[in-house]
Amino acid sequence: MEKLSDHEGCTAHAPGCACPPLRAAQARDAACEFLAELNPPPPETTVQNVLLLVSELVTNALRHAGAVTALRLRADRHQIQVTVEDPSPAHPQDRTPDLSGLTGGFGWPMIQRLAHSVSIVQPRPGMGKAIVAALPR
Numbered sequence: 002m003e004k005l006s007d008h009e010g011c012t013a014h015a016p017g018c019a020c021p022p023l024r025a026a027q028a029r030d031a032a033c034e035f036l037a038e039l040n041p042p043p044p045e046t047t048v049q050n051v052l053l054l055v056s057e058l059v060t061n062a063l064r065h066a067g068a069v070t071a072l073r074l075r076a077d078r079h080q081i082q083v084t085v086e087d088p089s090p091a092h093p094q095d096r097t098p099d100l101s102g103l104t105g106g107f108g109w110p111m112i113q114r115l116a117h118s119v120s121i122v123q124p125r126p127g128m129g130k131a132i133v134a135a136l137p138r
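In this note's numbering, the protein residues as written are 2 to 138.
As structure tokens, then:
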């Protein structure tokens with residue numbers, strides 16, 4: 002059975018509910034809630050990787066697109082999928098990380114390393130994008 006969860010108590014067992022988080026902490030809380038309901042539960046390393054992935058995707062959307070329009074979490078027997086939608090059609094750019102910590106540059110490479118697949122989907126031209134990242138369960 003596919004399960005979908007969105008931020009702060011908005012949980013459904015079918016796609017459709019999209020309650021966008023305003024902060025990365027809200028997204029992590031939603032992910033924790035979602036992961037706690039999975040049976041069998043994923044290993045602790047997977048939980049930590051999902052939380053980091055959610056945090057980085059949401060932080061990037063807030064920083065570079067100005068908002069998150071949806072957070073979706075799905076799981077099946079083989080993988081956990083995180084989808085973050087934002088209003089910007091611009092794709093993430095690889096850049097040299099700022100080792101001083103002032104301008105970042107670590108999030109997108111980390112996302113690409115944590116996930117076993119990452120895709121960028123533009124549902125309609127000019128209408129933002131969805132970044133879909135999946136991890137083995």
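The C-beta atom is built at its ideal place from N, Cα and C for all residues, glycine as well.
Since we're looking at a predicted model, the values are computed, not measured.
- Task: Out of Leu58, Leu63, Ala68, point me to the one whose CA is closest to Leu74's CA.
- Result: Considering only alpha carbons, the answer is Leu58.
- Going by the beta-carbon positions, is the gap between Ala76 and Arg29 smaller than 8 Å? For Ala76 and Arg29, no; Cβs fall outside 8 Å.
- Item | Contact set for Arg125: own chain, Cβ-Cβ below 7 Å, skip 5 residues either direction | The answer is none, since no qualifying residue turns up.
- Of the listed residues Pro43, Val85, Leu63, Ser101, nearest to His79 (C-alpha basis): Closest option to His79, Cα to Cα, is Pro43.
- Item | C-alpha distance - Met111 paired with Ala62, whole-angstrom precision | The alpha-carbon atoms of Met111 and Ala62 are separated by roughly 15 Å.
- Query: Using 8 Å as the threshold, is the stretch 126-137 in touch with the stretch 86-101, meaning 3 or more CB pairs across them?
  - Reply: yes
- Do you know whose CA, among Gly108, Ile121, Val122, Gln123, lies nearest Asn50's CA? Of Gly108, Ile121, Val122, Gln123, the residue nearest in Cα terms is Gly108.
- Message: Using the three-state DSSP reduction, which class does Val119 fall into: helix, strand or coil?
- Response: strand
- Rounded to whole angstroms, what's the CA-CA distance from Val83 to Gln27? Just pull it up for me. 14 Å
- So which of Glu38, Pro93, Leu103 has the shortest CA-CA distance to Val119? Pro93
- Query: How long is the line joining the alpha carbons of Arg114 and Leu52, rounded to whole angstroms?
  - Reply: 14 Å
- Item | As assigned by DSSP and simplified to three states, the class of Pro126 | coil
- Task: Thinking Met103 and Thr47 are a contact (beta carbons under 8 Å), I'd like their distance in whole angstroms, please.
- Result: Looking at the sequence provided, one finds Leu at residue 103 rather than Met. About 32 Å; that fails the 8 Å criterion.
- Task: May I ask you to list the residues that DSSP assigns as paired with Leu136?
- Result: Ile81
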